[in-house]
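Visitor: Before we start, here is the structure in question, set down as structure tokens.
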Amino acid sequence: MSFYVTTPIYYVNAAPHLGHAYTTIAADVLARHHRQRGEEVFFLTGTDEHGEPVADAAHALGVTPQELADRNSERFRALAPRIEATNDFFIRTTDPQHMKVVQDILTRVREAGHVYMGKYEGWYCPKCADFKAENEVEEGERCPIHHVQLTREQEDNYFFALSAFQEPLERLYAEQEDWVVPRTRYNEALSFIRSGLRDVPLSRHKLTWGVPVPWDPEHVFYVWFDALLNYYSALSYARPDADLTSTFWPADVHLIAKDILRFHTVYWPALLMAAGIELPRRVFVHGYLLMDGEKMSKSLGNVLDPFEVIDRFGADALRFYLLRDVSFGQDGSVSTASFEQRYESELANDYGNLASRTIAMIVRYRDGALREGPLDSTLAGDFDGLGERVGVLLDEVELTGALEEIWTRVRRLNRYVEEQAPWKLAKDPARADDLDRVLRTLAEGLRVVSVLLHAYLPDSTERLLAALGAPDTALARAGFGEGEVGQVRVLEPLFPKQDTTETTATPA
Ligand code: MSP
Numbered sequence: 000m001s002f003y004v005t006t007p008i009y010y011v012n013a014a015p016h017l018g019h020a021y022t023t024i025a026a027d028v029l030a031r032h033h034r035q036r037g038e039e040v041f042f043l044t045g046t047d048e049h050g051e052p053v054a055d056a057a058h059a060l061g062v063t064p065q066e067l068a069d070r071n072s073e074r075f076r077a078l079a080p081r082i083e084a085t086n087d088f089f090i091r092t093t094d095p096q097h098m099k100v101v102q103d104i105l106t107r108v109r110e111a112g113h114v115y116m117g118k119y120e121g122w123y124c125p126k127c128a129d130f131k132a133e134n135e136v137e138e139g140e141r142c143p144i145h146h147v148q149l150t151r152e153q154e155d156n157y158f159f160a161l162s163a164f165q166e167p168l169e170r171l172y173a174e175q176e177d178w179v180v181p182r183t184r185y186n187e188a189l190s191f192i193r194s195g196l197r198d199v200p201l202s203r204h205k206l207t208w209g210v211p212v213p214w215d216p217e218h219v220f221y222v223w224f225d226a227l228l229n230y231y232s233a234l235s236y237a238r239p240d241a242d243l244t245s246t247f248w249p250a251d252v253h254l255i256a257k258d259i260l261r262f263h264t265v266y267w268p269a270l271l272m273a274a275g276i277e278l279p280r281r282v283f284v285h286g287y288l289l290m291d292g293e294k295m296s297k298s299l300g301n302v303l304d305p306f307e308v309i310d311r312f313g314a315d316a317l318r319f320y321l322l323r324d325v326s327f328g329q330d331g332s333v334s335t336a337s338f339e340q341r342y343e344s345e346l347a348n349d350y351g352n353l354a355s356r357t358i359a360m361i362v363r364y365r366d367g368a369l370r371e372g373p374l375d376s377t378l379a380g381d382f383d384g385l386g387e388r389v390g391v392l393l394d395e396v397e398l399t400g401a402l403e404e405i406w407t408r409v410r411r412l413n414r415y416v417e418e419q420a421p422w423k424l425a426k427d428p429a430r431a432d433d434l435d436r437v438l439r440t441l442a443e444g445l446r447v448v449s450v451l452l453h454a455y456l457p458d459s460t461e462r463l464l465a466a467l468g469a470p471d472t473a474l475a476r477a478g479f480g481e482g483e484v485g486q487v488r489v490l491e492p493l494f495p496k497q498d499t500t501e502t503t504a505t506p507a
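In numbering that gives the first Met the number 0, the protein residues as written are 0 to 507.
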């Protein structure tokens with residue numbers, strides 16, 4: 000079995016912010032989970048470096064586009080390990096190998112008769128690097144996303160004959176209802192297709208910062224076609240000694256936010272059809288992280304700096320917060336206050352305290368060595384089918400739903416401690432067997448939730464599982480009673496109390 004997951008490749012005209020970290024974290028949870036299943040995984044992220052926004056930003060800073068791309072690409076590359084993202088490759092669209100694949104595939108598309116020279120006139124947003132349809136344009140000829148003034152552009156461009164793919168796309172949507180998820184996004188994409196597709200520019204004449212069109216070097220490819228092809232090109236050169244295409248293509252899931260829906264759910268499949276390449280299995284569209292009700296974005300200036308949050312609370316806490324507080328697939332507001340609250344009540348108390356208490360009791364009452372014997376069957380019942388359920392939800396990219404399933408069991412374990420009051424059992428030598436059973440059950444419950452939480456909280460679960468003497472994170476052993484807890488060792492608090500008087504991150 001193989002599993003291939005991607006994030007969008009991020010624009011290098013600005014530094015990474017929490018919105019970018021969000022998608023990369025989500026993709027990482029999937030990648031880690033599939034590795035825990037024992038599958039061969041490829042997780043791709045990277046940077047989108049060509050096009051007008053980058054050229055303009057570089058110009059404004061007085062540096063070359065390549066210098067700006069090098070500088071900011073490095074910041075995105077550095078973000079990945081800070082959020083514990085285990086991407087298998089980091090693609091840059093300025094990689095010569097990528098550029099060559101773009102040229103080859105788009106030449107093939109032209110040779111198949113899907114490209115022609117035409118004139119384009121329309122409203123153009125330099126920030127989106129995209130032309131806007133008349134009915135999208137905001138009052139005062141402004142961009143509906145960035146609210147900046149649009150420009151009227153006219154160019155002789157090569158066109159991609161998107162309109163010819165109307166029918167094949169409608170068929171794709173009819174045959175594969177989970178091709179775009181969630182359903183609202185599927186409907187949105189389908190209604191855009193049904194409203195009638197128009198051909199789209201494939202090249203830009205005036206620009207020079209892009210992949211040259213091989214049959215007409217006065218042009219560069221329109222940045223979106225260059226960018227989308229990263230998902231395919233990366234596999235051919237990510238490993239110097241092997242072409243991974245046949246192992247991992249088609250991609251299992253492209254994760255994106257709704258801002259780039261149309262490119263991924265209309266242009267991208269049409270382009271692949273035109274090139275005769277198999278389509279990815281699914282596009283999952285998540286919502287926006289909002290601050291003060293507006294999409295967090297660099298151009299609006301309302302961003303949280305993920306590096307600052309991580310410095311204070313750790314990467315695990317950030318990963319947890321984003322996937323727990325905002326239902327994955329929907330928009331959601333984030334704030335320092337709600338972050339601190341989740342950290343305190345769920346990570347520090349529900350999980351961190353449960354771990355410390357359980358381990359402390361095993362060490363105090365049994366010198367860290369649990370005796371073999373039966374587990375509590377009521378609790379075993381509450382864990383029944385949990386691993387399978389989490390797997391099914393994650394197959395549907397229900398990251399928040401899967402986390403909630405696990406957290407329900409974390410809470411169950413907390414109640415179990417209160418119900419059984421092991422500290423009382425410890426006072427009564429006649430109840431030694433009961434105490435053994437309760438401690439064993441607690442340790443096993445902690446082990447199971449930690450294996451399942453590992454994809455979300457890689458660092459803290461690893462520390463906890465090591466303290467339990469049960470470092471194996473394979474999902475094959477995630478069933479209650481299917482693993483073995485070894486010699487238990489004292490554990491430093493997983494989520495130490497934080498001084499919450501000081502503000503972590505404020506709007507920029
Ligand atoms: N370069 C294009 C994508 C090309 S993919 C072939 C691009 N880049 S971007 O830097 O603007 O990144 C957009 C993506 O970043 C979103 O689709 C989403 O994954 C993530 N996000 C950026 N801001 C976000 C929020 N405020 N909320 C949620 N996701 C956010 O578009």
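In this text, a Cβ means the ideal position worked out from N, Cα and C, and glycines have one as well. Here the structure is a predicted model, which means the values were calculated and not measured.
Rounded to whole angstroms, what is the Cα-Cα separation between residue 228 and residue 24?
Guide: Taking the straight line joining both Cα atoms gives about 22 Å.
Visitor: Can you round the beta-carbon distance between residue 289 and residue 332 to whole angstroms, since I take them to be within the 8 Å contact cut?
Guide: Yes, residue 289 and residue 332 are in contact; Cβ-Cβ is about 5 Å, under 8 Å.
Visitor: Taking only three categories from DSSP, how would you classify residue 504?
Guide: Legend: pLDDT at residue 504 = 42, less than 50; position of this residue unreliable, value from coordinates given subsequently. Coil at residue 504, not helix or strand.
Visitor: Which of helix, strand or coil does DSSP assign to residue 334?
Guide: Looking at residue 334 - three-state DSSP - the assignment turns out to be coil, as it is neither helix nor strand.
Visitor: Compute the Euclidean distance between the alpha carbons of residue 492 and residue 456, then round it to the nearest angstrom.
Guide: Going from the Cα of residue 492 to the Cα of residue 456 covers about 14 Å.
Visitor: Which residue wins for smallest C-alpha separation from residue 454, given the options 36, 88, 350?
Guide: If we check each option's Cα against that of residue 454, 36 comes out closest.
Visitor: Thinking residue 41 and residue 26 are a contact (beta carbons under 8 Å), I'd like their distance in whole angstroms, please.
Guide: Between residue 26 and residue 41 the Cβ distance is about 11 Å, and since that is not below 8 Å, they are no contact.
Visitor: With DSSP as the reference, label residue 252 as helix, strand or coil.
Guide: Three-state result, residue 252: strand.
Visitor: Counting pairs of beta carbons, one from the region 368 to 381 and one from the region 336 to 355, are three or more of them closer than 8 Å?
Guide: Taking 8 Å as the limit for Cβ pairs, the verdict is that the region 336 to 355 does not touch the region 368 to 381.
Visitor: Helix or strand or just coil, what does DSSP make of residue 214?
Guide: Of the three classes helix, strand and coil, the one that applies to residue 214 here is coil, per DSSP.
Visitor: At what residues does the alpha helix (DSSP H) containing residue 422 begin and finish?
Guide: Per DSSP, residue 422 belongs to the alpha helix (DSSP H) from 421 to 424.
Visitor: Assuming the contact rule is C-beta atoms closer than 8 Å, residue 382 and residue 447 should be a hit. Round their C-beta distance to whole Å, please.
Guide: Yes, residue 382 and residue 447 are in contact; Cβ-Cβ is about 6 Å, under 8 Å.
Visitor: For the ligand MSP, is there a heavy atom less than 6 Å away from the beta-carbon of residue 295?
Guide: Yes, the ligand MSP has a heavy atom inside 6 Å of this Cβ.
Visitor: Just to confirm the assignment, what range does the alpha helix (DSSP H) spanning residue 444 have?
Guide: Here the alpha helix (DSSP H) through residue 444 covers 431 to 452.
Visitor: CA-CA distance, residue 166 and residue 259?
Guide: Their backbone Cα atoms lie some 22 Å apart in a straight line.
Visitor: Assuming contact is defined by CB atoms lying nearer than 7 Å, are residue 11 and residue 66 in contact in what I supplied?
Guide: No, the pair does not count as a contact, with Cβ atoms beyond the cut-off.
Visitor: With a Cβ-Cβ cutoff of 7 Å, do residue 208 and residue 262 count as a contact?
Guide: No; because the gap between Cβ atoms is not below 7 Å, this pair is not in contact.
Visitor: May I ask you to check if the CB of residue 97 is nearer than 6 Å to at least one heavy atom of the ligand MSP?
Guide: No, Cβ of residue 97 sits at least 6 Å from all heavy atoms of the ligand MSP.
Visitor: What is the residue span of the alpha helix (DSSP H) that residue 223 lies within?
Guide: Counting along the chain, the alpha helix (DSSP H) containing residue 223 begins and ends at 222 to 227.
Visitor: Please list the terminal residues of the continuous beta strand (DSSP E) segment that includes residue 7.
Guide: Its beta strand (DSSP E) spans residues 1 to 10.
Visitor: Measuring straight from C-alpha to C-alpha, what distance separates residue 6 and residue 158?
Guide: Going by the C-alpha atoms only, they are around 27 Å apart.
Visitor: Within 6 Å: the Cβ of residue 225 and any heavy atom of the ligand MSP?
Guide: No.
Visitor: So, does the region 468 to 477 touch the region 319 to 335, judging by three or more C-beta pairs under 8 Å?
Guide: No, because fewer than three Cβ pairs between the region 468 to 477 and the region 319 to 335 fall closer than 8 Å, the two stretches do not touch.
Visitor: Residue 377 lies in the alpha helix (DSSP H); which residues open and close that run?
Guide: Counting along the chain, the alpha helix (DSSP H) containing residue 377 begins and ends at 376 to 381.
Visitor: In the DSSP output, which residue or residues are listed as bridge partners for residue 397?
Guide: In the DSSP output, where bridge partners are listed per residue, residue 397 has none listed.
Visitor: Quick one: give me the first and last residue of the beta strand (DSSP E) that residue 131 is part of.
Guide: Residues 129 to 131.
Visitor: Thinking just about the alpha-carbon of each residue, which of 200, 116, 182 is nearest to the one in residue 131?
Guide: When only C-alpha atoms are compared, the closest one is 200.
Visitor: Tell me which same chain residues have a C-beta within less than 8 Å of the C-beta of residue 422, skipping the five on either side of it?
Guide: Counting only Cβ-Cβ distances below 8 Å, and skipping sequence neighbours, we find 360.
Visitor: With distances taken Cα to Cα, identify the nearest neighbour of residue 275 among 408, 110, 219.
Guide: Comparing Cα-Cα distances from residue 275 to each of 408, 110, 219, the minimum goes to 110.
Visitor: Out of 172, 198, 287, which has the shortest C-alpha to C-alpha gap to residue 264?
Guide: For the residues 172, 198, 287, the minimum Cα distance to residue 264 belongs to 172.
Visitor: Note down the Cα distance separating residue 13 from residue 89, rounded to an integer number of angstroms.
Guide: Cα to Cα, the separation comes out at about 17 Å.
Visitor: Consider the C-beta atom of residue 93 and the heavy atoms of the ligand MSP; say whether any pair is separated by less than 6 Å.
Guide: Incorrect: residue 93 has no Cβ contact closer than 6 Å to the ligand MSP.
Visitor: Opposite residue 272 in the DSSP bridges: which residues?
Guide: BP columns for residue 272 are empty, so no partner.
Visitor: What would DSSP say about residue 427, mapped onto helix, strand or coil?
Guide: Three-state DSSP puts residue 427 in coil, outside helix and strand.
Visitor: Does the beta-carbon of residue 256, which I'm using as the reference point, lie nearer than 6 Å to any heavy atom of the ligand MSP?
Guide: Yes, since a heavy atom of the ligand MSP falls inside the 6 Å radius drawn around the Cβ of residue 256.
Visitor: For residue 257, does the three-state DSSP call read helix, strand or coil?
Guide: Correct three-state label for residue 257: helix.
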